[in-house]
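Heads up, the sequence shown is in the working numbering, so the first residue is 223 and it goes up one at a time.
Notes follow once the structure below has been shown.
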Amino acid sequence: MNKVSTIDHSSPLPYYFQLKELLIEEIKKGRLKPGQQIPSEFKLCEQFKVSRTVVRQAISSLVQNGYLSRAKGRGTFVTKPKITENLFQNLTGSYEDMLARGIKLVTRVLEQTKWDADGEILEWLKLEQGEPVIKIKRLRSISSEPIALVTTYIPYKLCPPLLEENLTNQSLYNVLEEKYALRIAHGRRSLEAVSADKKTSALLGVKNGAPLMQLNSISYLEDGRPIEYFTALHRGDRSKFVVSLIRVRNHSTAQVDKKFISDLWDTGMVSP
Numbered sequence: 223m224n225k226v227s228t229i230d231h232s233s234p235l236p237y238y239f240q241l242k243e244l245l246i247e248e249i250k251k252g253r254l255k256p257g258q259q260i261p262s263e264f265k266l267c268e269q270f271k272v273s274r275t276v277v278r279q280a281i282s283s284l285v286q287n288g289y290l291s292r293a294k295g296r297g298t299f300v301t302k303p304k305i306t307e308n309l310f311q312n313l314t315g316s317y318e319d320m321l322a323r324g325i326k327l328v329t330r331v332l333e334q335t336k337w338d339a340d341g342e343i344l345e346w347l348k349l350e351q352g353e354p355v356i357k358i359k360r361l362r363s364i365s366s367e368p369i370a371l372v373t374t375y376i377p378y379k380l381c382p383p384l385l386e387e388n389l390t391n392q393s394l395y396n397v398l399e400e401k402y403a404l405r406i407a408h409g410r411r412s413l414e415a416v417s418a419d420k421k422t423s424a425l426l427g428v429k430n431g432a433p434l435m436q437l438n439s440i441s442y443l444e445d446g447r448p449i450e451y452f453t454a455l456h457r458g459d460r461s462k463f464v465v466s467l468i469r470v471r472n473h474s475t476a477q478v479d480k481k482f483i484s485d486l487w488d489t490g491m492v493s494p
């Protein structure tokens, strides 16, 4: 941290806020790297000519916002940046979404089988009892670190050859559209907090009971038929979701939005 800006003691901005912003700048510019220990409180006080109270307040804020993490008896370290996904977006799969942002997503297919659907899978995909689905379980990783476990269900009758398709490191949506002419038109997604069970924790490299974010998704073809239902278990320490909001400015738009929310309640994707 040699050529770092200093605290402006004549500024009306609180010292802790200035220090926090300076440290964020160091992290974003890569001068403080993920996993690197930051200087001690004493050194920060000395370098920026502020009190220990100011330093502690700045560090606490950075910990709260996910930039730093404390390790008992070892010090304070820069955290790895979380992988961001938009919750409301153009309907793309994870592979397409990451590729568009220049992030290399590696996929390992754990299971790809013909499976007799039951319970809620039948309901989501509007299938009759006994109708099979193609079940695909994939582990997604970035830089050799697992970040999500995705389990997908697709009606077998719509694309039987998909059972033999190599889905390693390619977009499932592209395969459905380009090889089977199954064009996905719209979908709905919901997000909930869950805990990792023993099997999931082993796959994702987290402790048993660790917090996860579960993304549930149902996608439809242009003719309204359900084509895909999936659940994606994302590591809580490595993921964050961004929600885009739209301000309703007229009565007609409000009616459309009310209908949309009503539909979500009917499907169980959200609750009032």
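Backbone N, C-alpha and C fix where the C-beta goes; we use that ideal spot for every residue, glycine too.
How would you call residue i, buried or exposed, if buried means at least 16 neighbouring beta carbons within 10 angstroms?
i, result
"Thr275", "exposed"
"Glu444", "exposed"
"Leu455", "buried"
"Arg296", "exposed"
"Phe264", "exposed"
"Gln351", "exposed"
"Glu248", "buried"
"Ser493", "Residue placement at Ser493 is flagged as unreliable, the pLDDT there being 42, under the threshold of 50; the coordinate-derived value follows with that caveat. So Ser493 ends up on the exposed side."
"Ala407", "exposed"
"Lys271", "exposed"
Could you tell me how far apart the beta carbons of residue i and residue j are, in whole angstroms, since I believe they sit closer than 8 Å?
i, j, result
"Thr329", "Asn391", "5 Å"
"Leu380", "Arg411", "21 Å between Cβ atoms; not a contact."
"Pro354", "Asp338", "6 Å"
In the DSSP assignment, find the beta strand (DSSP E) that holds residue i and state where it starts and stops.
i, result
"Gln329", "In the sequence as displayed, the identity of residue 329 is Thr instead of Gln. That run of the beta strand (DSSP E) goes Val328 to Asp338."
"Ser363", "Pro354 to Ile364"
"Tyr442", "Pro433 to Leu443"
"Ser412", "Ile406 to Ser417"
"Arg460", "That residue, Arg460, is in no beta strand (DSSP E); it is neither H nor E in DSSP."
Rounding to the nearest angstrom, what Cα-Cα distance links residue i and residue j in this structure?
i, j, result
"Arg293", "Phe299", "Here residue 293 turns out to be Ala, not Arg, going by the sequence shown. Between Ala293 and Phe299, the C-alpha separation is close to 8 Å."
"Thr453", "Val372", "6 Å"
"Ile229", "Ser282", "18 Å"
"Ser360", "Lys336", "The sequence given here places Arg at residue 360; Ser does not occur at that position. Roughly 15 Å between the two C-alpha positions."
"Ser227", "Glu414", "41 Å"
"Thr301", "Lys255", "8 Å"
"Pro377", "Glu450", "7 Å"
"Leu384", "Gly458", "31 Å"
"Pro236", "Gln259", "25 Å"
"Gln286", "Ser363", "25 Å"
"Ile246", "Leu290", "10 Å"
"Gln334", "Gly409", "23 Å"
"Lys250", "Lys242", "12 Å"
"Glu386", "Leu332", "14 Å"
On the DSSP letters alone, give me the boundaries of the alpha helix (DSSP H) that residue i sits inside.
i, result
"Arg421", "Checking the sequence, you will find Lys at residue 421 rather than Arg. Taken as a continuous stretch (DSSP letters only), the alpha helix (DSSP H) holding Lys421 covers Lys420 to Leu426."
"Leu260", "It should be pointed out that residue 260 corresponds to Ile in this sequence rather than to Leu. Per DSSP, Ile260 belongs to no alpha helix (DSSP H) and is neither H nor E."
"Val398", "Checking the displayed sequence, the identity of residue 398 turns out to be Leu instead of Val. Its alpha helix (DSSP H) spans residues Leu394 to Tyr402."
"Tyr378", "Premise fails: Tyr378 is in no alpha helix (DSSP H) and is neither H nor E."
"Val300", "Unbroken run through Val300 is the beta strand (DSSP E), Gly297 to Val300; no alpha helix (DSSP H)."
"Ile449", "Premise fails: Ile449 lies in the beta strand (DSSP E), Pro448 to Arg457, not in any alpha helix (DSSP H)."
"Ile246", "Tyr237 to Lys250"
"Arg274", "Arg274 to Gln286"
"Ile343", "Gly341 to Leu347"
Within a Cβ cutoff of 6 Å, which residues of the same chain sit near residue i, ignoring the five residues on either side of it in sequence?
i, result
"Leu398", "Leu404"
"Tyr238", "Val276, Gln279 and Ala280"
"Val416", "Leu434 and Gln436"
Answer with yes or no whether the minimum CB distance from residue i to chain B is below 9 Å.
i, result
"Gln334", "In the structure shown, chain B does not exist; there is a single protein chain."
Leaving out the 5 sequence neighbours to the left and right, which residues in its chain are closer than 8 Å to residue i when beta-carbon positions are compared?
i, result
"Gln240", "Ile229, Asp230 and Ser233"
"Lys348", "Arg447 and Pro448"
Sorted by chain position, which residues of the same chain lie with C-beta nearer than 7 Å to residue i's C-beta, five sequence neighbours on each side aside?
i, result
"Trp346", "Ile440, Pro448 and Tyr451"
"Cys267", "Ser273, Arg274 and Val277"
"Ala418", "Leu426, Val428, Asn430, Gly431, Ala432 and Leu434"
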